[in-house]
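Enquirer:
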């Protein structure tokens with residue numbers, strides 16, 4: 011059970027710059043442990059790992075911060091006892107296997123005869139590198155759809171592209187795809203900072219950088235402005251929700267895999283609460299934007315209730331007609347696909363993948379955080395996107 015006094019204390023510690031102590035307190039709370047007795051708060055009795063900014067897109071109940079008496083160390087316990095900063099960098103406290111595999115080959119990332127171009131964008135909020143996929147069919151003067159893909163923690167554009175195989179589907183559908191990269195300097199685990207208030211506002215922080223990269227590609231290449239989309243996984247999914255809420259004039263539709271609703275958190279303590287129990291998010295400020303959501307119902311990193319909260323947040327006050335479809339992948343996971351129709355077209359899809367954890371459904375083992383036994387989220391997202399071009403206003 012989440013303890014409000016503990017959350018207040020964690021907030022106080024965060025504001026005081028004691029980030030490691032705040033993280034330790036939250037981890038104890040989420041494991042159900044009693045807080046240290048106030049009568050003996052001697053900090054010298056608890057040895058904490060190396061200090062580092064907290065990372066949020068992580069398994070909240072998977073880290074023991076204080077040292078305890080333990081049996082002889084095994085390889086598994088040795089990994090657990092490594093400093094938090096080291097584990098944050100390589101993702102081993104996510105509680106998932108296969109986080110750090112071999113680097114994917116170019117054959118895993120892009121089809122033969124296509125391009126994967128490096129770029130960099132800078133504005134008042136800083137700089138971000140990116141990679142742009144250009145299909146073999148591209149030529150100047152023929153506007154193509156553009157998909158912005160936001161990776162999860164510990165991932166990179168190459169890893170995310172290999173795991174989702176988005177470039178291969180984009181080659182088939184003649185789409186450009188851009189992958190902004192979050193550096194470890196902005197977050198030790200390379201998570202998008204979806205939970206920070208400064209990174210939830212239009213024309214500020216990370217949203218301004220992602221939108222700037224989008225517009226840079228639109229400026230440099232032939233892009234159909236009616237078919238610009240944004241999608242992401244986990245922290246990237248939460249960041250995609252931020253982009254849909256703050257730039258509904260730029261993006262025609264949003265894809266969110268294992269993410270959280272816009273406004274589900276405004277700081278570190280509330281982000282842990284949202285990840286653990288689900289966060290409903292803030293009020294939808296602009297018009298409803300078509301949204302497709304994927305979430306595994308065995309996700310122990312981002313609670314599956316966040317998928318339902320994303321639906322509620324996306325729909326807002328819009329009246330929709332709901333239909334439920336159930337299916338199963340041969341020798342794989344079952345799923346429930348719920349669609350919401352507003353008038354003549356489906357404007358929202360929610361795929362609840364049964365038995366799946368915190369992983370991209372239908373993904374390739376060439377990338378991290380993938381589950382090949384689920385429905386193909388990449389194909390379904392791109393299909394949904396292309397069904398929902400934006401109706402641009404005449405000027």
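In the working numbering, the protein residues as written are 11 to 405. By construction, the Cβ of each residue, glycine as well, lies at the ideal position given by its N, Cα and C atoms.
(1) Got a sec? Which residues, its chain only, sit under 6 angstroms from residue 358 by beta carbon, not counting five neighbours each side?
(2) Going along the chain, which residues of its own chain have a beta-carbon closer than 8 angstroms to the beta-carbon of residue 146, five neighbours each way excluded?
(3) Given that a residue counts as buried once 16 or more other Cβ atoms are within 10 Å of its Cβ, and exposed if not, what is residue 401?
(4) Which value, in whole angstroms, describes the spacing of the CA atoms of residue 287 and residue 281?
(5) Considering Cα atoms alone, identify which of 283, 274, 297 and 303 is closest to residue 290.
(6) Hey, would you say residue 312 sits closer than 7 angstroms to residue 258, going by beta carbons?
(7) Let me know the beta strand (DSSP E) ranges lying completely inside the stretch 317-392, each 3 residues or longer, listed in chain order.
(8) At 4 residues or longer, what runs of the alpha helix (DSSP H) sit wholly inside the stretch 180-231?
(9) Please go through the same chain and pick out, in chain order, the residues whose beta-carbon is closer than 6 angstroms to the beta-carbon of residue 92, but skip the five residues on each side of it.
(10) Consult DSSP for residue 273 and reduce its assignment to one of helix, strand or coil.
(11) Sort out for me which residues DSSP pairs residue 133 with in a bridge.
(12) Have a look at the DSSP bridge pairing and note the partners of residue 125.
(13) Where does residue 259 fall in DSSP's three states?
(14) By Cβ distance, which residues of its chain are closer than 6 angstroms to residue 331, with the 5 residues on each side in sequence left out?
(15) For the beta strand (DSSP E) holding residue 286, just list the boundary residues, first then last.
(16) Assuming contact is defined by CB atoms lying nearer than 7 angstroms, are residue 398 and residue 262 in contact in what I supplied?
(17) Let me confirm a value: residue 333 is counted as buried when at least 16 other C-beta atoms fall within 10 Å, else exposed. Which label applies?
(18) Find out if the Cβ-Cβ distance for the pair residue 228, residue 240 is shorter than 7 angstroms.
(19) Select from 388, 171, 212 and 154 the residue whose C-alpha is nearest the C-alpha of residue 232.
(20) Let me make sure I understand the geometry here. Which of 382, 165 and 186 has the alpha-carbon closest to that of residue 200?
(21) Rounded to the nearest angstrom, what separates residue 219 and residue 230 at their Cα positions?
(22) Among 187, 203 and 174, which one has its Cα closest to the Cα of residue 194?
Expert: Once the coordinates are examined:
(1) 301, 324 and 350
(2) 121, 123, 124 and 181
(3) exposed
(4) 10 angstroms
(5) 274
(6) no
(7) 331-338, 344-352 and 355-363
(8) With a minimum length of 4 residues, the continuous alpha helix (DSSP H) runs that stay inside the stretch 180-231 are 215-230.
(9) Below a pLDDT of 50, predicted positions are generally treated as unreliable, and residue 92, at 44, falls in that range; no measurement from the model is reported.
(10) coil
(11) 136
(12) Answer is 144, bridged to residue 125.
(13) coil
(14) 351
(15) Counting along the chain, residue 286 falls outside any beta strand (DSSP E), though it belongs to the alpha helix (DSSP H) covering 278-287.
(16) yes
(17) exposed
(18) no
(19) 154
(20) 165
(21) 16 angstroms
(22) 203
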